[in-house]
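Down below is the structure, laid out as structure tokens.
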Amino acid sequence: MGIKVEIKVVERIGINKSKMIIKAKMNNMDNKRLVMKNKNKLKGTKYFIDPEFTNEEEKIQKKLREVARVERDKGKQVKVAYQKMRINSEWYKWDVQKQELTKNETNGRPKN
Numbered sequence: 209m210g211i212k213v214e215i216k217v218v219e220r221i222g223i224n225k226s227k228m229i230i231k232a233k234m235n236n237m238d239n240k241r242l243v244m245k246n247k248n249k250l251k252g253t254k255y256f257i258d259p260e261f262t263n264e265e266e267k268i269q270k271k272l273r274e275v276a277r278v279e280r281d282k283g284k285q286v287k288v289a290y291q292k293m294r295i296n297s298e299w300y301k302w303d304v305q306k307q308e309l310t311k312n313e314t315n316g317r318p319k320n
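So this is what it looks like as structure tokens:
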């Protein structure tokens, strides 16, 4: 992936050698975000990264998926990303303090 991050713990899950699952715990959220932003570089390989969200992150992502479902039912094109989403061509970001989606005031995709 071309990035360097500090990993707190690496754990092998299961005994199947052909489909080995590795669980890595990062030292901090910045490292996790960096890995998640770069996981698309693994497309076309036999490797993938599946995020393991905290309970709070999972609640946020669930709310975003619910909004996405409603907007898709209205015929809009929707893409859900980590704590943000695009509806048609406009980006929205989850505001942790307000506990709601807010429209991105700058052009382009909001940064986490």
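For any residue, its number in my numbering is found by taking its place in the sequence shown, counting from 1, and adding 208. Note that CB positions come from ideal geometry on N, CA and C, so glycine has one too.
Checklist entry - Is the Cβ-Cβ distance between I321 and M234 less than 8 Å? => result The structure shown has nothing for residue 321, since the chain only spans 209 to 320.
Item to check | Neighbourhood of K249 by C-beta distance below 6 Å, restricted to the same chain and skipping five residues each side | outcome: Position 41 of the sequence shown, counted from the start, is the residue given in the question as residue 249. Excluding residues within five positions, the ones whose Cβ falls inside 6 Å are M209.
Next on the checklist: Quick check on K282: buried or exposed, where buried means 16 or more other Cβ atoms within 10 Å of its Cβ?
Outcome noted: On the sequence shown, residue 282 is found 74 positions in, with the first residue counted as 1. Exposed.
Checklist entry - Are K287 and Y300 closer than 8 Å when you measure CB to CB? => result The residue labelled residue 287 in the question sits at position 79 within the sequence shown. The residue labelled residue 300 in the question sits at position 92 within the sequence shown. Contact: no.
Checklist entry - In or out: I223 buried (at least 16 other Cβ within 10 Å) or exposed? => result Taking the sequence shown and counting its residues from 1, the one referred to as residue 223 is at position 15. Under this definition I223 is an exposed residue.
Item to check | Whole-angstrom distance between L272 and M293, CA atom to CA atom | outcome: On the sequence shown, residue 293 is found 85 positions in, with the first residue counted as 1. On the sequence shown, residue 272 is found 64 positions in, with the first residue counted as 1. When rounded, the distance between both Cα atoms is 7 Å.
Checklist entry - Going by the CB atoms, is the gap between V243 and V180 shorter than 8 Å? => result With the chain covering 209 to 320 only, the question about residue 180 has no answer from this structure.
Checklist entry - Is W302 closer than 8 Å to I268 when the C-beta atoms are compared? => result One-based indexing of the sequence shown puts residue 268 at position 60. One-based indexing of the sequence shown puts residue 302 at position 94. Yes, these two residues count as a Cβ contact at 8 Å.
Item to check | Euclidean distance between Cα positions of S226 and A232 | outcome: Numbered from its first residue, the sequence shown carries residue 226 at position 18. Numbered from its first residue, the sequence shown carries residue 232 at position 24. Whole-angstrom Cα-Cα distance: 19 Å.
Next on the checklist: Can you find the residues in the same chain that come closer than 7 Å, C-beta to C-beta, to F261, ignoring five residues on each side of it along the sequence?
Outcome noted: Within the sequence shown, the letter at position 53 stands for residue 261. Result list for F261: Q269, in chain order.
Checklist entry - With 16 as the cutoff for other CB atoms within 10 Å, does Q291 come out buried or exposed? => result In the sequence shown, residue 291 corresponds to position 83, counting from 1. Result: buried.
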